[in-house]
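See structure below.
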Amino acid sequence: MGKVTEGRIILIRSALTLFLIAVPVSALATPSPIAEVICESKARMKDKLIHQLGSERQSMGLRGPEQVVEVWTDDGGDWTMVITYASGQSCIVAMGEAWTETGKRDPA
447 MGKVTEGRII LIRSALTLFL IAVPVSALAT PSPIAEVICE SKARMKDKLI HQLGSERQSM
507 GLRGPEQVVE VWTDDGGDWT MVITYASGQS CIVAMGEAWT ETGKRDPA
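Residue numbering for the sequence shown is 447 to 554, as defined by this note's numbering.
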């Protein structure tokens, strides 16, 4: 694999932008909450998840020494996965529906 250059980063960002713009027309009928926020400061992300999406943090864990992964859910079963980086930036990395709690299990 070649060296990562600024040109490659721009090319990847351009390709990602084109992919995001080329959303099927049926998906445009109902705007997705993710369209409004992708990355924010940790405080702003938390505020948006609570007040705009009506979500509550259900679980969290570490993904390496500099990332915290959180799953937020609302009463309707919609879920949002957020990664917060050591820099203080939080990004939505996935969203879905039909979240189901499985309850605690005995690991033995």
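Positions of the beta carbon are idealized from the N, C-alpha and C atoms, including for glycine.
If you draw a straight line from the Cα of E502 to the Cα of V528, it comes to about 12 Å. Taking C-beta atoms under 8 Å as the contact rule, L508 and V517 fail to qualify, at a distance of about 14 Å.
Secondary structure of R503 (DSSP, three-state): strand. A540 sits in a strand when the DSSP states are folded into three classes.
I484 is classed as exposed because its beta carbon has fewer than 16 other beta carbons within 10 Å across all chains shown.
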